[in-house]
Structures are given as C-alpha cells and as structure tokens.
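The opening position of the sequence shown corresponds to residue 1 in full-length UniProt numbering, with each subsequent residue numbered one higher. Where is the CB? At the ideal position from N, CA and C, for every residue including glycine.
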Amino acid sequence: MSSKLKITKEGLKDIAVTVDSYRIRVLIDAKQEILDSGVYNEEQYHAILFKMFDEELIKFKLYNFLTRQKSNDFEALNKFSSDNSIEITKTLSLLELLKNENLIAVNEIYDEVEGDENTPSSTTFKDFDIKSFDVNPSKIKSIYEPVETIFETHNCSGCGLCVGICPVNCLDVFNGFGKIDEEKCIRCGLCYYVCPRTYL
C-alpha cells in the first residue's frame with residue numbers, strides 16, 4: 001500500500017470507511033470469482049485491490065477534511081492537495097466523485113464580466129462553495145454501475161478499456177457495441193471507473 005498515514009483517530013477512521021466502501025467490499029467479496037475467471041492472478045488481483053484502496057482512501061480523506069473545515073472553497077482544496085502531496089487536478093476529480101456519490105454539494109461561484117459593443121458579457125470562475133452532508137459513506141451504494149448505460153446510449157467509443165480491466169471477463173466490445181454477461185458480472189464498477197465516456 002502506497003498511502004502514507006499518520007496514525008491518528010482520523011487516519012484510522014479514513015481506513016475503516018475505505019475498507020467498508022462498496023468498491024472495496026465488492027472486490028474482496030468476489031476475490032474467488034475473479035481468480036477463477038483466470039483474467040488476473042493473485043498478485044495482479046492484489047495490485048488492483050490496493051490501487052482501488054488507495055483511490056478510495058484519498059477520496060474519503062478529502063470527504064473527512066471537508067466535513068472538518070469551516071470554509072470549503074478553492075483555497076481549502078489547494079490546502080488539501082498540498083497536505084497530501086497531490087495535484088489540484090486530482091483533488092478536483094475526487095471532488096467530482098464525492099459530488100456524484102451525494103456526499104457533498106458543490107456550488108460554483110462565477111463573476112460577471114461586462115462586455116462592450118465589441119465583446120459580449122461573460123462569466124469567469126471565481127470560487128467553490130462546498131457543503132458536506134452528514135452521511136455514513138459506508139451506507140451508500142456505489143454509483144459505479146457497469147458500463148451498460150454507455151452501451152445503451154450509444155456513447156461507447158469502442159476503445160476496449162472496460163474489456164481490458166474487467167476481472168471476470170464478462171464484457172465484449174465490437175465496433176463500438178458492447179455487451180455485458182449479466183450472469184458473470186460482479187458489479188465492481190471497474191469498467192465504469194476506467195471508461196472515458198462516463199463523464200459525458
């Protein structure tokens with residue numbers, strides 16, 4: 001595991017919530033199915049599990065950071081990034097995940113820039129106003145459903161990333177048309193996680 005934590009009450013809480021998160025639980029619960037499929041060996045399985053653990057851990061660290069702050073704005077996000085040695089772009093992607101999981105609400109604040117006869121009025125980003133909800137994250141079911149919705153809406157680019165990551169080999173993509181074997185699918189959401197079309 002590459003995450004560095006100080007052993008504190010908050011650090012232990014972050015680990016407990018991460019271990020109990022849907023994305024980690026489903027990978028742990030389906031370990032034997034994943035290994036039996038032959039797609040990944042045990043070493044590769046653990047590499048994926050610990051990578052997902054690291055991703056979930058930093059996400060929940062951000063959530064707990066936001067719940068402890070009096071003011072949650074862009075400056076707070078920069079502080080979190082600096083404290084955790086991650087790029088602000090990574091923090092913003094974590095913020096988007098927390099928003100999609102209904103753990104926070106993000107209000108973007110814009111300034112109005114007046115135009116003139118040659119330039120129309122416009123808006124520029126000023127700041128965030130972030131509110132965290134008092135929710136037990138482990139009680140929330142994952143938003144990371146299989147990429148079936150991408151297939152159904154004909155947004156699939158045919159890149160095959162979902163096929164490549166699927167731990168139980170239940171996906172096929174041919175000419176941008178995908179199919180999921182519902183009998184084999186363990187609903188881990190890895191396909192959704194790597195799909196470049198899920199943010200459309």
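Taking only the alpha-carbon atoms, compute the straight-line gap between residue i and residue j and give it to the nearest angstrom.
i: residue 177; j: residue 159; result: 10 Å
i: residue 163; j: residue 169; result: 7 Å
i: residue 204; j: residue 58; result: Beyond the ends of the chain as shown, which are 1 and 200, falls residue 204; an answer cannot be given.
i: residue 167; j: residue 188; result: 9 Å
i: residue 26; j: residue 15; result: 16 Å
i: residue 8; j: residue 100; result: 28 Å
i: residue 127; j: residue 191; result: 32 Å
i: residue 102; j: residue 117; result: 43 Å
i: residue 134; j: residue 61; result: 15 Å
i: residue 56; j: residue 112; result: 37 Å
i: residue 71; j: residue 13; result: 22 Å
i: residue 19; j: residue 31; result: 15 Å
i: residue 68; j: residue 129; result: 15 Å
i: residue 174; j: residue 45; result: 26 Å
i: residue 156; j: residue 84; result: 34 Å
i: residue 114; j: residue 131; result: 29 Å
In the DSSP assignment, find the unbroken alpha helix (DSSP H) run with residue i in it and report its ends.
i: residue 164; result: 161 to 165
i: residue 72; result: Here residue 72 belongs to no alpha helix (DSSP H), and DSSP marks it neither H nor E.
i: residue 36; result: 31 to 37
i: residue 100; result: 88 to 100
i: residue 46; result: 42 to 68
i: residue 191; result: 190 to 194
i: residue 13; result: 9 to 19
Give the range of the beta strand (DSSP E) segment to which residue i is assigned.
i: residue 128; result: 122 to 132
i: residue 178; result: 177 to 180
i: residue 104; result: 104 to 113
i: residue 173; result: 171 to 174
Consider the C-beta atom of residue i and the heavy atoms of the ligand MN; say whether any pair is separated by less than 7 Å.
i: residue 177; result: The ligand MN is absent from the structure shown, which contains no ligand whatsoever.
Assign residue i to buried or exposed, taking buried as 16 or more other Cβ atoms, counted over all protein chains shown, within 10 Å of its Cβ.
i: residue 17; result: buried
i: residue 105; result: exposed
i: residue 28; result: exposed
i: residue 109; result: exposed
Sufficient close CB pairs (3 or more, under 8 Å) joining the region 86 to 97 to the region 34 to 51: no
Inter-stretch contact (C-beta, 8 Å, three-pair minimum) for the region 32 to 42 and the region 68 to 85: no
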